[in-house]
Each structure stands twice: as structure tokens, then as C-alpha cells.
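Protein chains in written order, with this note's numbering: chain A, 1 to 516; chain B, 517 to 1011; chain C, 1012 to 1297; chain D, 1298 to 1614.
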Amino acid sequence: MNAPVNASTDSPVAEIENLRVEIDGWPLVDGVCLRVFPGRVTALVGASGSGKTTTGLALLGEHPPGARVSGDVRVSGGGPIGYVPQHPAAVLNPARRVGALLHDIARQQVRDLPRAVRRTEARTRVLRSLADAQLSAGETLLHRYPHQLSGGQQQRVVLAQALLLGARVVVADEPTTGQDALTKSRIVDELTAVAAQGIAVVLLSHDLDVVRALADEVLVMYEGRVVESGPTERVWRAPRHVWTRELLARQTEFGNRDGNDGDSDDRTGVPVLHVRDLTARHHRTQVLRVPELGLHAGECLAVVGRSGSGKTTLARCLAGLHRDHDGQVTLDGNVLPRSLRARDRRQLAAVQYVFQDARAAFDEYRPVVDQVARTAVRLRGAEAADAGAEALAALLELGLTEEQAHRLPGRLSGGELQRAALARALLARPRVLICDEITSGLDTVTRRGLLEVLAGLRRGRDDLSVVLITHDLDIASLADRIAVLDAGEMVEQGSVARVLTEPSHPFTKRLLAAAG
Amino acid sequence: ADSTDDPSDGSGSDSGTPRRGGRLRAAFAGGGASETLDPHLASLFADAARAKALYDKLADYGADLSAQPRLAEKWEANKALDRWQVTLRRATFHNGKAVTAEDVLYSYRRIADPDQAFRAKASLEPIDLDASRATGTHGIEFVLKRPTAEFPNILAAFGAYIVPADATDFDSEPVGSGPFRFVSFTPGRSALFRRYDDYWEGAPHLDEIEFVVANEESARVNALLGGQVEYAHELNPTTARAHEGKGQIEIVRLRNSAMQGFAMKTDRAPFDDKRVREAFFLIADRQELVDGALSGAGVVGNDLFGKGYEYYAADLPQRAQDLDRAKALLKQAGAENLKVTLDTSAVAAGFTEAAGIFRDQAAKAGVTIDVKMGSKDSYWSDILDSGTICCYRSGAMPIEAHISQRLLTDSTTNATKWHHKDFDALYQQAQSTKDKTERTAVYERMQRRLYTEGGFLVWGFADWILGTARNVKGVEAKAPANSLDWARFDKVWLA
Amino acid sequence: MKGRSRFVLGAAVIGLPLVLALLGPLFAGEPGPRAVSFTLGDGHWLGTDFVGRDVWQQVLHGGRPVVVTALAATALAYLVSLPLGLISALTHRSWLEELLMRPLDVLLAVPSLLLILLVASVFEPGAVGLALLVALANIPDAARIVRAAAAEAASRPAVEALRMQGETWWRIAFGHVGRAILRTLAADAGIRLTGVLYLVATAAFLGVGVAPDAADWAVMVDRNRTGLFVQPWAVVVPALLIVTLTTGSNLLFDAALDRRSGSTRRAGNPRRPGDNRRNGEKVRQS
Amino acid sequence: MSGLRSFVVRRLLLGGAQTVAVVLLVFALTEALPGDAAVALAGDQPDPARIAAIREAMHLDRPAHERLLGWAAGLAHGDFGTSLTSGRPVTTYIEDGFGPTLLLATTTVTLLIPLGVGLGVLAARHEGRLVDRLVSSVTLGVYAVPEFALGVLLVTVFALRLGWLPPTAVGYGTDLLGHPAALVLPVLVLLSRPVCSLSRLVRAGMVDALNSPYVAQARRYGIPGARVRYGHALPNAVAPAAQQLARTVDWLLCGVIVVEALFVIPGLGTVLMNAVAERDVPVVQGLAVVFGVLTVVLNLGADLVAHRFAPRAGVAA
Ligand SMILES: Nc1ncnc2c1ncn2[C@@H]1O[C@H](COP(=O)(O)OP(=O)(O)OP(=O)(O)O)[C@@H](O)[C@H]1O
Ligand SMILES: Nc1ncnc2c1ncn2[C@@H]1O[C@H](COP(=O)(O)OP(=O)(O)OP(=O)(O)O)[C@@H](O)[C@H]1O
Ligand SMILES: [Mg+2]
Ligand SMILES: [Mg+2]
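Shown next as C-alpha cells:
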């Protein structure tokens, strides 16, 4: 796409001028100007915590509680603005089926139709929007509660809401986070189609591939300011600001990185973690079957698969969070209790899980650093003061500031929280660390930093095994081995080199093809 | 045989000429879904009022609790006072049949049935029913087990109603000889009766009388104020004070309706010492008790039952509080720093209040009273044998009945454990004395004895308070509750 | 600031009854002679009560037992039902949940007034027993409310994360779940306190625990009701005190809740301008 | 859903056991009460011989377990036994009392839910502002006023002073539907306290829900305010409120005892109080069965509602 920029012909549908949002006197964003035009995709990129979400929400007229706001936000002609937040679970009502809000939105739109056709029309629209958001089997999903959906499904439901709304501006905060390559490319297509309908799309994303594919114009943010903006092509071709250059450079460098050194398909010895004949169910529906899976000391296993294929379920079975399963999980040859309630401290510390939805996994009433520190206190018997210091160090290591560490979770950005969640798990000094999409909310630079921390950890402790759940084949390629899940079946596993170069299962082939 | 010798001070009696017609709705506290119209089972005021409307007794109590002839036209005793000839008046049941001696004997035998537990059974005990017989359709000869000068009191006993011979079912279509005939009845809710035109004493003025049940006092008052009923039975003194003379409703006070007191057990420490009993008589500030516990609606008592009733020893000096003498008596009895437990319960109005007030009064004489709340439902049988002192009350009954039920060695409800052979003998003497003045003297001796060393500390007599709509006339204000002229709806009319 | 003013308001409202309750007995003095019940004047500036005592003196004396018994009973009810509700909300063993909650349903099925009436006349409890009994009558219901509110909070990922950290049951239950349902609990507690007050009064009337003529605000309200039209103060004053007591305690509760969440929200240090740079620099170095 | 069905079946079975437990408890307690029907009937004439006679006539001299067994055997055939005091079948007591109480209860509950929920939502909507302060303090204040006082007040104002409504239902018997005006005040009194407690619980839950991101999302997508409040926020506040509602049996019963007395409505509350006072054990037992069953059913309902509106609760690890 990348249509030529002809701002002069169109007037902007929404405009932000000189926006400054500050809390307690310190700015979250400052001097931000943004103009979005119908039919065009404007992307905001930048490091985690640089103010993307704050800017995006400002467009909707929303600000963090207690913020002082100056500057202008104008939406010409009013009209709804769609919003797909970074943590979609938060905007799904836990007490209602996912279809509830969709139906309500649709009902608003069909108010003027004759009574008789209203129902069916509303229904058609809902189903169409689900299809538009790439949700297959939308009908059945409508009757589920949010917690019965996988992370990616939740996100697409929220996207469907925005599409159904028929908004003239859609703010999509990390829309491709947590989506597999196949779905991602469909979402790109979908957003392209959205823009083609004359809707302005504001894309807040770390995913530079997606940005490049979608955006007409890019704003690069750094520490709450827009340091560079311009047509995507131009920015990519000739970045002006040093930070932009760094962002883009890392991107390319990252893509070329080759993390695995040698084939590990034929590794021997007793695996640390061993899964045998695992079948997991949600209310009698089987969602996962893994005949056999081993994880050796010091090994990094990537689990890839489409959204909803059962990756999180697998991880939760290992972590003892999903009790409804058969089969055996052994740690050093000893059977791990099915529920983590029955696991002792050593077992708990040994297998740690970093939640996919970081926001939901924090207690909203206690400062982040205190919550992180408890791991050391409980699982390693550390003194409270030492644990606090250790927690702070871990958070700083992961790029948070001391002040941020002392905030309540609600006042951190999505990426910041995800890093805090990782720190919390790391404090247990786990033998097996299960990371569920931990890099999905991060910009390339931070992501890289995070992966390097992980790599460093593995280097420092060669018995640390990592299970890396990801959609990103680039990241998966950093692992030693890859397991591929499709619709709850483990279809393939093997060394990275083999699976990525000569996939044996047709599904893996398709996945690789989509990732391009 | 009449009680209206002076003009009534009460509300609307005798103002103007009676007017015929209309329905009077009367609200009573009732017995819930277990209520029945069987007159022999009557125990509540509501039961008694309904029974009185449907049935008659041979005699009933006048304002001074002396027996007045009703279905019995007259009675005559033999010399020995153990055979009484009763002549019935010409009266008919609602089905037109005459009231005969057979009906009377049937009714009394039913009450006395050993397999049943009718309330009046104890009262009829002196009658030898097997020996008693009809002396014609309207004459009966009652044979008594012992001389009984007060035999007419038995005929007036609570619950001794005359029902037609062979009557067994009283709830679907009861037939009596009373001023009103049955129309409908729902237990615990209402009973509707219509005037019986052939009533022997003349047909009632009202067309209909409806008894409705309202257990809560405020409900009865509200219904009265709101015009939903014309007659409300049993009101609080405070309510009476709030509405008396305001013109909205009429308040009728039935004087001397209930004795209020404390019963001390004379057979056990500390009250087996008559000095302690006397000290307690002297501790009571009766006016304070009347003011506090009865809200002023009553008169002080003089430790004797039956103020204003026939045979009442009115000449004895009124006792008043004398703490010094009380303390001195206690000291003599070696009962300084006395501690006693006073049993009370919410079973009757004023009980818990009186207990609290008396506790404070006793404290001034150095006596510590511990007030113990008992169960409402078993209070009367609990206090019969256990405890040492308790709150006590009694409805209106002749003094003779009070003595025979409560103060003889073989009395069944002797709550003061007053067992004195000489006292029993005095009672026998009174019962076999035909001459009234002589008998009065014997009663006076008995009462003097009770006054000085009895177990009942009678501190007051409560008014029974009724409320009526302003157009209700003919309500007798002088009759204590449960006496003949109480709840006599055949004499009432709507102006 | 808003939180502060609410706090002050709550404190002011609850202050009067509390001060009266705590200090009243010191100023009450010796009871004078009794007068006719339900009268005004004659040196009794709030009139006399149902047995002719001075209402003002009764008011001064009557706060302590109310405050003590009702608070004790309410506290006791929560002391038992909070763990019960939390255990059954946090357990995944349905048999344990049934074991804890079903027997309570039996109690629930017996109307509380009947329960008190029956148990009380069998065991004749004193003031302490009464508090226990009233607490008992409140436990099933409180436990159910705790459980219902906690069940949702207990199923959040945050709780899973806490378990993952090996947190103690206590911390999870009281530190996290308890905190999450605090608002619901506070709302319930306010109501319960009032309910308890009158249950105590009703019990007193039925002859349980408190003496029927005790100087106790709730008992006063109940026993003086017959005189409502003659001498309203004997009912109105203690009733108003109870109303202010419960209203005030609830206002205080609400204000405290707001302040808490408000203050923690503001707990972080102000952000220093250099912070972000450090963040950025660090990334650049690596 | 079949999980749900087995849940319901299990709970109903348990409910049966509970009802038995309730009956046993009530029987044990009534047996342990001082005095029995004979004593109660004897009243202030506690002549021991007479009491013994009454006892015999009522078969109270049989041992307790025999009486209980006999009663239970009858119950198996749907026979609730006969009243000790009147000899009439207990079913007539229940039938007679049930109508008015049911009428009061249903009217109260039908009004209670919209009122309580409406007030709670209103207060939550204006959280911290005047309306909220007003609703919160008024509900608390009203809650602190005992039923009888409110009843007396309402009767005085609306029935006696203004004359708009009848002060009691005296003489209307069971035909309350024929006199709807007589229902107004009793229902108001019955409503007063439950409305307050319900609305406070709803408010508490709503405040949290209204501040949640999912409500923000619904708002920003232009869902009408009422729909957001009732359709999206309210369900999250429902679970504890439903528990509270399940307590209506108890509320209504305790409230009904007062209200029935105050307004002379011959319902179950009156029957119960009388039966306890008269130690009419079969009647108390019969009522215990009725209340037991009602409570079990209502609690089951509340649990189902909680299950429905806190669906995640079922899947916790
Ligand atoms: N509580 C639940 N009840 C019913 N079905 C569920 C529940 N949780 C998840 N599922 C279903 O189980 C399947 C696997 O879910 P899972 O969360 O493991 O997917 P995933 O691979 O992690 O997906 P994503 O990449 O989107 O996070 C999905 O189809 C999902 O809809
Ligand atoms: N309520 C709040 N109070 C204080 N600071 C906040 C609050 N919300 C966000 N911040 C801070 O503002 C900065 C910008 O946050 P924002 O959510 O806009 O970042 P972002 O660019 O979307 O980051 P990410 O990519 O991690 O989601 C972050 O440093 C964050 O810590
Ligand atoms: Mg963000
Ligand atoms: Mg997942």
C-alpha cells in the first residue's frame, strides 16, 4: 500500500496538538502532535513506556487518573473511535459472554431498521465482524466467557468490536501482539481493508514489520516526545533521529541473528522436565494432546502454534495451574503434583511461569517491587530487606526505573509490567522458566534487551531451561528446539535448525510460509 | 342483682335512647389459628367474649364479683348448704329448643369429663354430678360433696357455659342460648354473629357483632382510630393517656380488673420468716409501682386480693413504705444484706417493669434483688413450685375463689405455699355459714391474717382499658374484666 | 482533600454517640426517684421512660452495652465467617466447600429470630452468650456473602501468580482476596452492625441476655415504643443515636476505603526527569 | 451444562438432607424448651393434675423420639400431622397462613429488586457526590430504624393523619388482593430494610464495576448509559447481592412477624409465633419443613446466580 502522502487534499479526522499529559508534575508525554487522515494508517512506534498508549488514549479523550492535560485533541465531526487495547482481557466483561457487548453495539446500529429484521441483521453484523477479525467459529465463541478464550482470541474479539462499531478512527494498541504469523498477516490485511474503507487507523506497535507493511506515516516516540515523523518509506529509508536509526538497525540486526549453535535433536540424558501422554480439557472438551515432550537442562524450547492452539494450556499444565489434565509431568524423574497447591516450595521454585496477561497477574493494590520481592521471600527464604533489594535490582536490570518499581501496577505501561512479571519469576531462581509471550508487548530494542537478559541467565546458569511460548518465529529461532502445536495436537518437534529449514508437517510449512 | 346504682363515670353508657341496628366490629387479642368456639375450651379474653355472645352461664359475676343469676332464675340451698335447688328461666337455644335441665347436666358433665381437661373442671369439682339430677324440665337439684355457701360462684365459673345436650361440634354451626347466633368463624381472624331475636333478656340492639383478632396493641388502636373497628379491647395505659379526652375515641377504664403483686413462698427461706415478709410489705412504694409499672392506670393495693369486691376487708389500714421499719425487721430476722432472686417474665403487662422498680426500692432497704427473666410460656407453672419470690397477677374472681384456688393446703395453684390448717378451717367455716354477716366476719378474719403475714404482696390493681369509637354507646364502665357486664355486646348500640 | 473531608464528616457523625457511649456513664450520676412513666417536665428534660426513669440518664448509661455487644457480635460473626467464606472460595476441593457451607445453610433455614428464641430459652445465656448467639445467627449469611464476593476475586490470575510465588494461604486470603472484597464487606458490615443491634434488642425483649429494662439504647427504643405518642423522646433520642452511630461508622468506613486506595495510588515517589534517560541509555549500551 | 445439572442435582439432594437437619434441630430445640403444650395451655392455671390430664389427652406422655417418628412417618405420606392445641391438620395452618405471607413476600420481592438495584446503581453512578451521599446515608438511616417504628410512623402519617390508606388489614382476612390499599403500608415497611441492604451491596459492587476497563469500553462504544449500567456493570455486582436476596426468607419472616402483627395480617409469621408460644410442636415442625425447603431452593438459586455471574470462579486452579 503506502499511498503517497497528500495531506493537503484531505482534512484530518482527528488531530492532536501540543499534547502534554503529566502526573505529579512529571510529563508522560510532552509536545505531541498527531494528525490522522481518513483512509490512512498512522503508526506510533517507540520504546516501551515512551508514551504510545497515553497518546492513543488521548485521542479517545481518555487520560490516566489524576493526570493534568494540556494541548488540543480534536475529532472532526465527532463520531465513535474504536479502541483495541494492549491487554484485551481487561476490556472483556468477566461476567458476560463475549457476545454481549457485540450484540449491544450491533443493536445500536440497527435501531432504525424495521423491528422484524433487526434481530437477524444485528446477528449478521456481529458474525461478519467476527469473521473480519479473523475469528473462525465465531458462533460458538460468542457463547463463551472471556476466560474461556485464549489470549489471541480475546484480542480478536476486541478487534471485532472496533470493526463492528464502524468507527471513523480506530486506535489499535499492539493489535498483532500475541498473534501467530498466519493470523498476523490476516490482521494486516484486515487493517488495510479498514483503511481502504476510509477509516483512519492509528497503529501503536512494536512490530516494525507490521508497521512497515501497514503504515502510511510513522511517528517515532522517545521519552514522551515525538522525535521524528514522516512517511513510512522515508523514515525507513533515511531515518533522521539517532533513536530511529537505532530502532530500525536493531530490527535488521535482530532478524539476522542466529542463536542456536548446533543440532540438539539427539540430546540424551534425563530431561529436567518430562511430559508424557498429556491430555488437557476445558469442561470436557479436549484442547491439548501431547504424547511426549522433554526439556533438558540448559535447553531452550520454543513452543509455537496458532492462536488458540493450546500453547498457554500446555504451559499452565506444566506450571500446575491447569488441573484438568491426564498424563504425567515429571521433574528430575519425580512426578510433579498436578496442582501447584500440592507442590512444595522447591517444586514451585523449580518451575516458574510468566503470565501472558501481565496486568491481570498483578495485585492492583500493592507496589510492583513488593510483589516481585515476595518470590524471593517465599520460595528462597530470603529476608524481606534483601528480597526487596534483589527485586529492585532485577527490575532495574530489566530496564525499569526505581521510581516505576515502586508504583502500583495500574500506573505502569504494558511493556513495563511484562518485564516486572519476568522479574518476579526470575527471583525464584527457577530451573524451568516458562515464558508465555513475554516479548509480545515490547519494542524491538527492549525485546532484544530482554532476550539478552534471558540469554545471559542461561549463560550464567547452564542448567536453566526455558520454555519460550511465542508466535514470533524469529524469536523461536533463538531456541534450541521447537515444538509446534496445531489445534491442540503436538504436530512436530525437533531442533530449530531442522524444523525451520526442513519442516516435516504441512502445518509447520504453512506457518513458515506465512512468516515469510 | 344489679350493679348500676350510681351513674357511670365512664364513657358513652346511658347517653340517649338505644338505637337498633348496625354491625359492631370489636378487636381482641386472640389465640391464632388454634382458636375454637367450644365455650368450654375458652381461655383467652377473646374466647370468653365470643362465648358470652353465643352462650349463657347459669350465673355470672356482678361488678363486685358476687354471683348474679342468668339462666338460673333463682337458687336455694338446704340448711346444710350441701343441696342446692336451681330453677331455670324460660330461655331458648338458637335452634328454637328450650334450655332444659338436661342441657345443664350435659354441659356440666362434659366439663367434668375425666378424659378431658376443660378449664372449668376444677371449679365444678364440689358438685357431685352423679347424684345431681333434674327435677323437671326447668329444675335441677345439685348435690354437693361438702357444704358450699358460695355455690352460686360455681355456676358463674369461668367457662361453665350451657350448651345443648349432645352438642359436640362447636366450630361449624355452634348453637347456644346467648344474645347472638353464629354466622361465620375463621380461627385467628374473625367471628361474625347475628342478633338472636328471641334472646330471653331481650334482643340485642346490634344487628351483628364481628370479633376480629389483632394481637398487637398498636394494631387495635390504629384500627380503632382508622375506623376499621368500633371497639378495641385491652389498651395500654399510655395509649389511653394519649387519646383520653382528645375527642377522637372514647377510653373506658374498667377499674379493679387485675390484681398486681409479688408472691413470696412462705415455706422456704428467707420468706418462711414472717418478719421478712412484713419487711417486704414495707419496702414497696406502691404508688411508685403503680406509676411506673402501670403508667398510673390503677390504684394501690393493700396486700389483699379483691379491692372493692364482696367481702373485701376495706377497714384495714393502708400500708405504706417504711424503710426504717423494714430494715429493723430484717435485722431482727437476721436477714441483713439479704439477696433474693425475683422471678419475672414478659408474660403479663407491667411484670418486668414492676420487677425492676421493686429491685431499686429494695436496694434502699439493703436488700439485693436479682431479677430473673423466665420463659413467657411456662412462667405460671415454673413459679408454682420453684423460686422464692415472683411477680404475680390475677384477673377478677370472687375472694372466695381466690382463697380456695390459691390459699388452702390442697389448693392446686398455691403459689405462696400458704399451708395452714387453721386457715383451712376458717374457710370451711365460712362455707358452712349460712348467715351473710357472720360469713363476712369470718372472711375478715382470714384477710386480717393474710394482711399481717400472708405471702402475697399486693401492690396495686390495674385498670382494664378499652377504646371505643365515639358512636358506641352502652359500654359498661364499672364491670371488671371477665365479669358479667364486661364485653356485653347485647347492651351496646351504635348512635 | 475530598477523602479528608469525608473522614472528618464521618468522625463528627460517629463522635456524638461514641462519646456519649464511652463517657456517658461517668456523667450520669445517681438515679433520682422514679416518676410516672412517659411524662415530660419535672426536671426530666427528656422526660421519663416506660418505668418512670429519667430518659437522659438512661441515654447516658445506655450506649456502652450497645456499642460493646453489637460490635463484639459483629466482629465475632466476621471472625468466623471470613475464614469460612475465604476457605471455601479459595479451595478447589468441592467437598471441603460443601462441608463448610452446607451446615451453615441449615442454620440459614431456621429464621434467626426463631433460632435465638429457641436456643435462648434452652440455654439462658448472659450478655456474652447473647453476643455469641447473635453472632451465630449472622455467621451463615455473612459467610455466604464473603464466599460469593471472594470466589470471583480468588479466580483471578493474580491469585494464581501468588500461588506460583508460594504465598501463604493467609496472605492470599487476607492480603489479596480480602483486600479485593473490602468494599463489599464494608457495605455488608454496616448493615450487619445495625441488624445486630436490633437483634440484641429483640432478644432483650424476649428475655435473653440483656435485662428487659436495661439501660441500652436499642432496648430503650423497643421498650418505650408504647409511649411514642405521649413521650416521643424516649424512643426518638436513642433511635437517633443508633442511626448516627451506624451512619457514622459507615461513613468512616467509606472514607477510610477511599483514603486507602487514594493514598496507595499516590504512594510512588515523584518521577525524576533523568529516569527515562537512564532507561534509554541502558538499552543503547547493550 | 451437564456439569451444571449435576451440580443442581447434588445440591437438591443435599437440600433434602438439610431440610431433615433443620427439622431435627427445630424439634430438638422445641423439645428442650421449658414447658410443653400442656403447660402453655394451662396458662395461669397451672393445676398439676390438669396439666397431666392435658398431657395425656395430647399424647405428650409418649417419648419424644416416638412422637418424632410418628410425625415423620406421616410426613412420608404428605401428612404434616395435627395441631396439638386445636386438633386440626397442620396443612390447614400452612395453607391458611401461606396465602397472605406469599402475597406480601412476592409483592415485596418484586418491588425490592428494582428498587434496591436502582438505588444502588444510582448511588454508584454518582459515587462520592451528593446523590451518592444522600442515598447512602438515607438507606443507612432507614435501615437503622426498626420495623415497628417505621410502621407506626407510616400508619400515623398516611393512614391516621392523611387518611389515604387503611391503617390495618383488620377484618380483610385472607382476601388481601381484594383490598390492595391495605397492602401498601405493610409492603413499604417490609421493603424498608431489605432495600437498604440490597442497595448498599449493589452500590459497592457497582462502584468497582463502573470503574473497570470493560465498562469504559462499553461507554466509549456508545452503548446507552442505562444499558451499560444494567447490562454490563450490574452483572458484576450481582453475585453478593443475590446471596443477600436469598436471605429474603429470613428477612421476610422476621419482618413479617412484626408487620403481620402491626397490620393484622394473618400469615405464617403469626402462625409460627403462636405455635412456638403454644409449644404446638407439629405445627412448628411443619413450618420448619416449609422454611427449610424454601431456604434450600432460594440458596440454590442464589448459588446458581453467583455461578452465572462469576463464571471464572469455577475454573480456578
Ligand atoms: N476456560 C476455558 N474454557 C473453555 N475453553 C477454553 C478455556 N480456556 C481456553 N480455552 C480454549 O482452549 C484452546 C487453547 O487455549 P490456549 O489459551 O491454550 O491457546 P493459546 O495457544 O495459548 O492461544 P494464544 O496464542 O491466543 O494465547 C482455545 O481454543 C481456547 O478457546
Ligand atoms: N497512571 C499512570 N500514572 C503514572 N505513570 C503512568 C501511568 N500510566 C502510564 N504511566 C507511565 O507513562 C509512561 C508512558 O506509558 P504508556 O502506557 O503510554 O507507554 P507505551 O508507550 O504504551 O508503552 P508499552 O509499549 O510498554 O505499552 C510509562 O513510563 C508509564 O510508566
Ligand atoms: Mg502501551
Ligand atoms: Mg496463550
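Virtual Cβ for every residue (Gly too), placed ideally from N, Cα, C.
Neighbour list for D/Ala1558 in chain B, Cβ cutoff strictly below 9 Å | Ala730, Asn731, Glu732, Ser734, Ala735
For B/Pro914, collect the residues of the same chain with a Cβ closer than 6 Å to its Cβ; drop the 5 residues on either side in sequence, then sort them by chain order.
-> Around B/Pro914: Leu581, Asn669.
Using a beta-carbon distance below 8 Å, is C/Gly1189 in contact with chain A?
-> no
Per-residue contacts from D/Ala1350 into chain B (C-beta, under 9 Å) = Pro630, Asp631, Gln632, Ala633, Lys637
For B/Arg964, which residues of its own chain have a beta-carbon under 8 Å away from its beta-carbon, when the five flanking residues on both sides are left out?
-> Ala829, Leu832
When the distance is taken between beta carbons, is B/Thr754 closer than 8 Å to B/Val737?
-> no
Every unbroken beta strand (DSSP E) inside the region 106-185 of chain A [3 residues or more] | 169-173, all fully within the region 106-185 of chain A.
Would you call the region 712-729 of chain B and the region 656-675 of chain B in contact, with 3 or more CB pairs under 8 Å?
-> no
Near-chain D residues of the region 106-119 of chain A - C-beta to any C-beta below 8 Å = Gln108
Note down, one range per segment and in chain order, each beta strand (DSSP E) of at least 3 residues found wholly within the region 564-639 of chain B.
-> Inside the region 564-639 of chain B, DSSP marks whole beta strand (DSSP E) runs of 3 or more residues at positions 575-577, 583-585, 588-593, 599-604, from first to last along the chain.
Ends of the alpha helix (DSSP H) at D/Pro1397?
-> Its alpha helix (DSSP H) spans residues 1387-1422.
Cα-Cα, which of C/Val1188, C/Leu1118, C/Arg1203, C/Gly1073 is closest to D/Leu1437?
-> C/Arg1203
Would you call the region 212-221 of chain A and the region 50-58 of chain A touching, i.e. three or more CB-CB distances under 8 Å?
-> yes
In this structure, does DSSP put B/Tyr677 in helix, strand or coil?
-> strand
Would you call the CB atoms of C/Trp1104 and D/Leu1311 closer than 8 Å?
-> The question names Trp, but residue 1104 of chain C in the sequence shown is Arg. Cβ distance not < 8 Å, so C/Arg1104 and D/Leu1311 don't count as in contact.
Interface residues of chain C facing A/Arg341 [CB-CB closer than 8 Å] | His1103, Arg1174
Could you say which of C/Ile1025, C/Ala1153, C/Ala1184 lies nearest to C/Val1091 if we only look at CA atoms?
-> C/Ala1153
If we ignore side chains and look at the alpha-carbon of each, how far apart do C/Glu1292 and C/Leu1097 end up?
-> In this prediction, C/Glu1292 scores a pLDDT of 29, lower than 50, which makes its location untrustworthy; no coordinate-derived value is stated.
Residues passing the C-beta test against ligand 3 heavy atoms, cut-off 6 Å | Result: A/Lys52, A/Thr53, A/Gln86, A/Asp173, A/Ser413, A/Gly414.
Per DSSP, B/Thr884 forms a beta bridge with which residues?
-> For B/Thr884, which the question treats as bridged, DSSP gives the partners B/Lys855.
Quick one: what's got a C-beta closer than 8 Å to B/Asp576's C-beta in the same chain, skipping five residues either side?
-> Ala583, Gln584, Arg586, Ala672, Ser999, Leu1000
Does C/Arg1075 come within less than 8 Å of chain D when only Cβ atoms are used?
-> Output row for C/Arg1075: interface = no.
Selected residue, minimal CA-CA separation from B/Met962, among B/Gly976, B/Gln945, B/Glu689, B/Asp788 | Closest option to B/Met962, Cα to Cα, is B/Gln945.
Quick one: is B/Ile873 near chain F, going by C-beta distance under 8 Å?
-> Structure shown: chain F not included; protein chains present are A, B, C and D.
Exposed or buried, what is A/Ser205 when buried is set at 16 or more other beta-carbons lying within 10 Å of its beta-carbon?
-> buried
Go ahead and pull the three-state DSSP assignment for B/Ser920.
-> DSSP places B/Ser920 in helix when its eight states are reduced to three.
For the beta strand (DSSP E) that A/Gly525 lies in, which residues bound it at each end?
-> With chain A running from 1 to 516 in the structure shown, residue 525 of chain A is simply not present.
State the start and end residues of the unbroken beta strand (DSSP E) segment that holds A/Ala14.
-> For A/Ala14, the enclosing beta strand (DSSP E) covers residues 14-23.
Determine the direct distance from the alpha carbon of A/Leu203 to that of A/Val21, and round the result to whole angstroms.
-> About 20 Å.
Could you check what DSSP says for C/Pro979 in three-state terms: helix, strand or coil?
-> This structure gives no information on residue 979 of chain C, because the portion of chain C shown stretches from 1012 to 1297.
Neighbourhood of A/Ser309 by C-beta, 7 Å cutoff - its chain only, sequence neighbours within 5 removed | Excluding sequence neighbours, A/Ser309 sits near Leu485, Asp486, Ala487, Gly488.
A/Pro367: buried (16+ other C-beta within 10 angstroms of its C-beta) or exposed?
-> buried
C-beta contact flag for D/Gly1589 and C/Ala1138 at 8 Å = Contact: no.
What whole-angstrom Cβ distance do D/Val1439 and D/Val1499 have, given they're in contact under 8 Å?
-> With 8 Å as the limit, D/Val1439 and D/Val1499 do not qualify as a contact, their Cβ atoms being about 16 Å apart.
Span of the beta strand (DSSP E), counted from its first residue to its last, around D/Leu1330 | According to the DSSP assignment, D/Leu1330 belongs to no beta strand (DSSP E), since it is labelled neither H nor E.
Quick one: is B/Trp896 buried, meaning 16 or more other Cβ sit within 10 Å of its Cβ, or exposed?
-> buried
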